[in-house]
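The numbering of the sequence shown is this note's numbering, which starts it at 9 and goes up by one.
Glycine is no exception: its CB is placed at the ideal position from the N, C-alpha and C atoms.
Note that this is a predicted model, so its numbers are computed, not measured.
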Amino acid sequence: MTGKEPRPSLDELDAKLSQANAKRDAGANAARERGTGLGFAVRIGVDIVAALVVGVGIGLLLDHWLGTKPWMLILFFVFGAAAGLVNVFRAVSGYGYAAGYRREESDNKSDS
């Protein structure tokens with residue numbers, strides 16, 4: 009470069025930068041949308057299995073400690089299954105883990 013070549017204006021550089029960012033964001037969003045369904049399915053499966061494992065584990069420990077085989081195992085298996093189904097319901101319906109199980113209010117009130 010000789011020093012006499014005109015330098016690009018800041019507006020031109022800003023336009024190029026915005027265009028490059030838009031291309032990058034579009035590619036990232038497309039990849040994120042492809043993985044969303046699989047990620048959600050894995051989350052549902054993990055929620056159910058984890059709740060059952062915790063319930064069965066607590067049931068086995070209590071049965072061993074209290075000598076009540078298999079009653080605590082059965083009871084806490086049912087509790088674990090119920091907890092897993094509640095977690096799946098929260099995930100599918102969009103409810104969070106906050107108290108009250110209510111959806112967050114959105115600013116868009118076009119439904120009324």
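Rounded to the nearest whole angstrom, the C-alpha separation of Arg51 and Leu69 is 27 angstroms. Boundaries for Gly75: no alpha helix (DSSP H) harbours it, and the DSSP string shows neither H nor E there. Distance from the Cα of Ala58 is smallest, within the candidate group Glu13, Ser17, Phe85 and Pro16, for Phe85. Cβ atoms of Ile56 and Gly102 stay farther apart than 8 angstroms, at about 18 angstroms. The Cβ atoms of Leu60 and Ala99 lie no closer than 9 angstroms to each other.
Taking the Cα positions, Asn29 is about 10 angstroms away from Asp22.
Assigned with DSSP and collapsed to three states, Ser17 falls in coil, not helix or strand. DSSP places Gly102 outside both helix and strand once states are collapsed to three, so it counts as coil.
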